[in-house]
Amino acid sequence: MTEALARGQMAEKAHAIAYWLLPEAAAREVFLREIRRLARQFGAPLFEPHATVFIVPENSRAPFEVLRDVGPVDIELAIHSIRFSEQFTKTLYVQFERNSALQQLGDAILKAERARNRYLIDPHLSLLYAKLPSKTKQRLADNIRLPFRKVGFTSICVMRCARPTTKAIEVEQWKLLAP
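Next comes the structure, spelled out in structure tokens:
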């Protein structure tokens, strides 16, 4: 498939607006180092470490207005485990435990977005987007060691992305909308 054809297919695919929690600086560096190492090893796309907290249709309220209404973010999430799945955007990921602060943030975005449907928050931070055999993913998950058990998230950004994101080229075409 040519890159032009792939871009054309991206244009036809539905898009969504995703609200991402961004880890504080020290954790960000650890996660980014893992993401880069794994991307090099498997020829996978690079991306910013993040935990998605809310997704809305593309034609939703202006992201800057929503972020203004939501206000500052300071959430700590405990790591539950390192997992893997068949889903492209959850190839290999850090699963966090849910907590009330995270749910309150989701509810605040829901209210600020004036969204009709609540979004089920599955707090995780992906480390790799790739199609790999289960045995490879299991080996990777077993060997990931993080120097912390809790992660602070102190900022939020808003991204435009294909929904669902299923290919590396779609990751490369994600667009920052705010801030």
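Using our numbering, the letters of the sequence shown map in sequence onto residues 160 to 338. A virtual CB, placed ideally from N, CA and C, is assigned to each residue, including glycine. Quantities reported herein were computed from a predicted structural model and do not represent experimental measurements.
Here S259 is exposed, its C-beta having fewer than 16 other C-beta atoms within 10 Å. When DSSP states are grouped into helix, strand and coil, S240 belongs to the strand group. In this chain, G230 is not harboured by any beta strand (DSSP E), its DSSP state being neither H nor E. The beta-carbon distance between P222 and V330, rounded to whole angstroms, is 19 Å. This is too long to meet the 8 Å contact definition.
T248 sits in a helix when the DSSP states are folded into three classes. In the pairwise beta carbon analysis, the segment 190-200 is classified as not touching the segment 216-230: fewer than three pairs are separated by under 8 Å. Cβ-Cβ distances below 7 Å link H239 to Q254, F255 and E256 in the same chain, with the five nearest sequence neighbours on each side left out; the list follows chain order. Residue state for R257 is assigned as coil, using DSSP reduced to three classes.
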